[in-house]
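Report on the following structure.
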Amino acid sequence: MESITKNRQSRDVLRAMVERAYGPGRVPGGEGWASELGHGWFNIAYRIRLRDGYEAVLKIAPPSGVEVMAYERGAMGVELAALDLIGGNTTVPVPRVDFADRSRELCDADWFFMPFVDADNLGIVGPGLPAAELAAYKEQVGAANQEINSIRGTAFGPLAGPGDTSWRRVFTGIVEDVLADGERRGVDLGRPYDTVREVLAEHAGSLDEVREPRLVEWDLWDGNVMVRDGKIACVIDHERAFFGDPLIEVGFAGTQLAAFGDPTPFMRGYGQGPLTETEVVRRRLYCLHLVLILVIETVYRGYSGTEQYDWAREQLGEVMALLGRAGR
1 MESITKNRQS RDVLRAMVER AYGPGRVPGG EGWASELGHG WFNIAYRIRL
51 RDGYEAVLKI APPSGVEVMA YERGAMGVEL AALDLIGGNT TVPVPRVDFA
101 DRSRELCDAD WFFMPFVDAD NLGIVGPGLP AAELAAYKEQ VGAANQEINS
151 IRGTAFGPLA GPGDTSWRRV FTGIVEDVLA DGERRGVDLG RPYDTVREVL
201 AEHAGSLDEV REPRLVEWDL WDGNVMVRDG KIACVIDHER AFFGDPLIEV
251 GFAGTQLAAF GDPTPFMRGY GQGPLTETEV VRRRLYCLHL VLILVIETVY
301 RGYSGTEQYD WAREQLGEVM ALLGRAGR
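Under full-length UniProt numbering, the letters of the sequence shown match residues 1 to 328, in that order.
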């Protein structure tokens, strides 16, 4: 996926990064030792083969001069913290961090190396799998997501703080940041921004039911799951993690919006039964948050086509209708 947030670097800079991370004796020579992994949407990722044959993945954050959405600022630091939390408190397979550099000395962004995982991306191979095999993987994703959500926090909000004891305040603030991002760049939602704010306020009472902060991935799409031999080999891309309500996880989105797929295998693996009336309202608010981002980020990423924008605008209309505001 092409995006202006992808921070491509020259081969000389990549060699300098390898030297800093692994030492001069492992710096590759010749040609063909670096290739771009192209399916990501935000960071640039390279597959790097070192001189001794070891294969690594290098992730580089967006260029410092490219404006990103409020919730994406400092995303690589969030990922490093999330990897530490998940790796130290669960059995969920996540990448080991070989080396991280946040000095901005070799390029204008944070970057880190991790081992290359020789496995298939579920987002790529999933559509071609037999239905039963795909469902089995999605059950495993649900179980892994539940284990991640078992990690408790001391407050709602960013991993590094500041936190808040009120999930209502935190979540409404998160949505307000997204709306402010859209207004700043003049993104057309097809309805007034204040109408979205009114809908959020009308249903915000449902958020008060959430009392215990849990680590949430929020971004655990099939495309962030690597699979091999019938099992999850690795869960990648943790830069959007925070402490919140587990029901905000994207695996539950299909309970309200059919476009996000059948959530049944995920929920079965998670151990989640039917949602209560209040949980349904919360999940609709979380769908609202998600599709607002999917609409607004198209401008920040500089996508050349309108396919995602058009699709996300349609989903926004559907979720607004579910929340009692059909039409514009």
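All residues carry an ideal CB built from backbone N, CA and C; glycine is no exception.
Note that this is a predicted model, so its numbers are computed, not measured.
Secondary structure at residue i, three-state DSSP: helix, strand or coil?
i           : result
S35         : strand
E217        : coil
S64         : coil
G88         : helix
L288        : helix
M69         : coil
E19         : helix
R325        : coil
Y303        : coil
D188        : coil
T195        : helix
Y54         : coil
residue 365 : It is not possible to answer for residue 365, since the shown part of the chain is limited to 1 through 328.
P24         : helix
S10         : coil
T276        : coil
M1          : In this prediction, M1 scores a pLDDT of 49, lower than 50, which makes its location untrustworthy; the coordinate-derived value is nonetheless stated afterwards. Correct three-state label for M1: coil.
G29         : coil
G205        : helix
G269        : helix
G77         : helix
Are the beta-carbon atoms of residue i and residue j separated by less than 9 Å?
i           : j    : result
W167        : R197 : no
A75         : A61  : yes
residue 336 : A82  : Outside the shown range of the chain, which is 1 to 328, sits residue 336, and nothing can be said about it.
I236        : V68  : no
F171        : L207 : yes
T255        : R214 : no
L80         : V97  : yes
V250        : L159 : no
G126        : N224 : no
N7          : A131 : no
V291        : A312 : yes
N29         : R51  : For the sequence presented, residue 29 should be read as Gly rather than Asn. Yes, Cβ-Cβ distance for G29 and R51 is below 9 Å.
L134        : P265 : yes
A21         : D101 : yes
A180        : T165 : no
A70         : I48  : no
L247        : Y303 : no
L294        : Q308 : yes
E217        : I148 : yes
I86         : I174 : no
E139        : G25  : no
I44         : E31  : no
A178        : C107 : Looking at the sequence shown, residue 178 is not Ala but Val. Against a cut-off of 9 Å, the Cβ pair of C107 and V178 comes out as no contact.
R202        : E279 : Looking at the sequence provided, one finds Glu at residue 202 rather than Arg. No.
Based on the DSSP output, what are the partners of residue i in its beta bridges?
i   : result
K59 : A45 and F112
Alpha helix (DSSP H) segments (min. 4 residues) lying fully within the segment 95-183
Those alpha helix (DSSP H) runs which fall completely within the segment 95-183 and span 4+ residues are 122-125 and 131-149.
Which parts of the segment 219-266 are runs of the beta strand (DSSP E), unbroken and 3 residues or longer, counting only runs that do not cross its ends? The qualifying runs are 225-228, 231-235 and 242-244.
Please determine if the segment 296-306 and the segment 271-280 are in contact, where contact requires at least 3 C-beta pairs separated by less than 8 Å. Segments in contact, no.
- Task: Pair every Cβ in the segment 142-159 with every Cβ in the segment 109-124, then say whether three or more of these pairs are closer than 8 Å.
- Result: Output reads no: the segment 109-124 does not touch the segment 142-159.
Any contact of the segment 118-138 with the segment 223-230, i.e. 3+ C-beta pairs under 8 Å?
They touch, by the three-pair rule.
Practice prompt. Check whether the segment 316-324 touches the segment 187-202, counting contact only when three or more Cβ pairs, one atom from each stretch, lie closer than 8 Å.
Written response: Touching, yes.
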